[in-house]
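All letters in the sequence shown, in the order written, are residues 548 to 785 by our numbering.
For reference, the structure is listed below as structure tokens.
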Amino acid sequence: MSAIASNLQAVRARIADAAKAAGRLPESIQLLAVSKTWPLACVLEAADAGQTAFGENYVQEGVDKVMALPQGHFQRAAVNRQIDWHFIGPLQSNKTRLVAEHFNWVHSIERLKIAERLSAQRPASLPPLQVCIQINVSGEASKSGCAPDATLALCQAIVALPNLQLRGLMAIPEPADDFAAQRVPFRQLREIYENIRAAGRPLDTLSMGMSHDLEAAIAEGATIVRIGTAIFGERNYA
Ligand SMILES: *Cc1c(COP(=O)(O)O)cnc(C)c1O
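Structure, rendered in structure tokens:
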């Protein structure tokens, strides 16, 4: 078994254990493999091991990988499965067209202008772009993300856009070592999510949890965990 295949197996086991501990079904949590900085060969290796959803942070790098797989399908005999590409990185308005044309999902919408451009630029031949709003929960590492008290208004504006389907919320909390501390910002995100659902918006996605804190995220209700290092290894940005 390749290193990526055995890492994937270990991550799936962590997800299953965390789900069980939380009294949840493992199938209710989707594993997004974050392939940023890793070459296409690594994506193919993960796909051979059954992985179908990949996350990218940098627009051009992501588009290059998507384009290397025509129609979003693998052309190889071994894998002929639909691959879903998720854009999870910071998105500037001059890059929205590439994302609208090449990705299935965007997790990192933080303002209406970006959402409007993505909707306007989504090709009519493609299904609606699936989107999450990135929230700046307390202790956020960066200053990015929508303020919690502005989230409901942004949701209401996004659901009116024709070529986007609003699915949920995403956050990237500051890393913490302790399980209880890791849960705090995830719980905050879940509470915002539940308030928005109570206000009548049919969200179904909580994108939270990375290699070091996926258990805490699953304990707080994550439906997508975004895992890079634990699958592909330590990234080298050089
Ligand atoms: C890089 C990245 C990940 C993956 O992080 P790991 O710690 O390598 O699992 C997840 N989400 C976002 C937004 C990222 O930028």
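For every residue, glycine included, the Cβ atom is placed at its ideal position computed from N, Cα and C.
Source: prediction; values computed, not measured.
Please list, in chain order, all residues of the same chain as I743 whose beta carbon is under 7 angstroms from its beta carbon, the five residues on each side excluded. Counted from its first residue, the sequence shown places residue 743 at position 196. Excluding sequence neighbours, I743 sits near T698, L699, C702, L750.
Own chain, CB closer than 6 angstroms to H649, minus 5 neighbours either side, in chain order: For the purposes of this step, residue 649 is identified with residue 102 of the sequence shown, where counting begins at 1. Hits under 6 angstroms: V610, V613.
Are the beta-carbon atoms belonging to P670 and Q712 less than 8 angstroms from one another? The count along the sequence shown starts at 1 and reaches residue 670 at position 123. The count along the sequence shown starts at 1 and reaches residue 712 at position 165. Not in contact: P670 and Q712 (Cβ atoms no closer than 8 angstroms).
Have a look at M548, Q639, L645 and flag the residue whose alpha-carbon is nearest the alpha-carbon of E657. As a position in the sequence shown, residue 657 is number 110, starting the count at 1. That would be Q639, whose Cα lies nearest to the Cα of E657.
In its own chain, which residues sit with a C-beta less than 8 angstroms from the C-beta of P695, not counting the 5 before and 5 after it? Reading the sequence shown from its first residue, position 148 is the one you call residue 695. I682, N683, V684, Q735, I739.
Looking at the strands, I want to know which residues DSSP matches up with D631. In the sequence shown, the residue the question calls residue 631 occupies position 84. D631 is bridged to A600.
Opposite V706 in the DSSP bridges: which residues? Numbered from its first residue, the sequence shown carries residue 706 at position 159. Beta-bridge pairing links V706 to no other residue.
Go ahead and label F726 buried or exposed: buried means 16 or more other beta carbons lie within 10 angstroms of its beta carbon, across all protein chains shown. Taking the first residue of the sequence shown as 1, we reach residue 726 at position 179. Looking at its Cβ environment, which holds fewer than 16 other Cβ atoms inside 10 Å, F726 is exposed.
Put Q677 into one of helix, strand or coil per three-state DSSP. Numbered from its first residue, the sequence shown carries residue 677 at position 130. The answer is strand: DSSP assigns Q677 an E or B state.
For T776 and I562, the rounded distance between their alpha carbons: Reading the sequence shown from its first residue, position 15 is the one you call residue 562. Reading the sequence shown from its first residue, position 229 is the one you call residue 776. Distance between the alpha carbons of I562 and T776 is about 15 angstroms.
Where F733 and D564 are concerned, what is the direct C-alpha to C-alpha distance, given to the nearest angstrom? Stepping through the sequence shown from its first residue, residue 733 is reached at position 186. Stepping through the sequence shown from its first residue, residue 564 is reached at position 17. Using only the alpha carbons, I get a separation of about 18 angstroms.
Which residues does DSSP list as the beta-bridge partners of S754? Numbered from 1 along the sequence shown, position 207 holds the residue referred to as residue 754. According to DSSP, S754 bridges with M717, I771.
Residue nearest to V772 in terms of C-alpha spacing, selected from K567, S691, L761, Q556: Within the sequence shown, the letter at position 225 stands for residue 772. The candidate whose alpha carbon is nearest that of V772 is L761.
Alpha-carbon spacing of L673 relative to Q629, whole angstroms: Against the sequence shown, residue 673 aligns to sequence position 126. Against the sequence shown, residue 629 aligns to sequence position 82. Whole-angstrom Cα-Cα distance: 14 angstroms.
How many Å lie between L799 and F601 at the Cα? Since the displayed the chain opens at 548 and closes at 785, residue 799 lies outside it and no answer follows.
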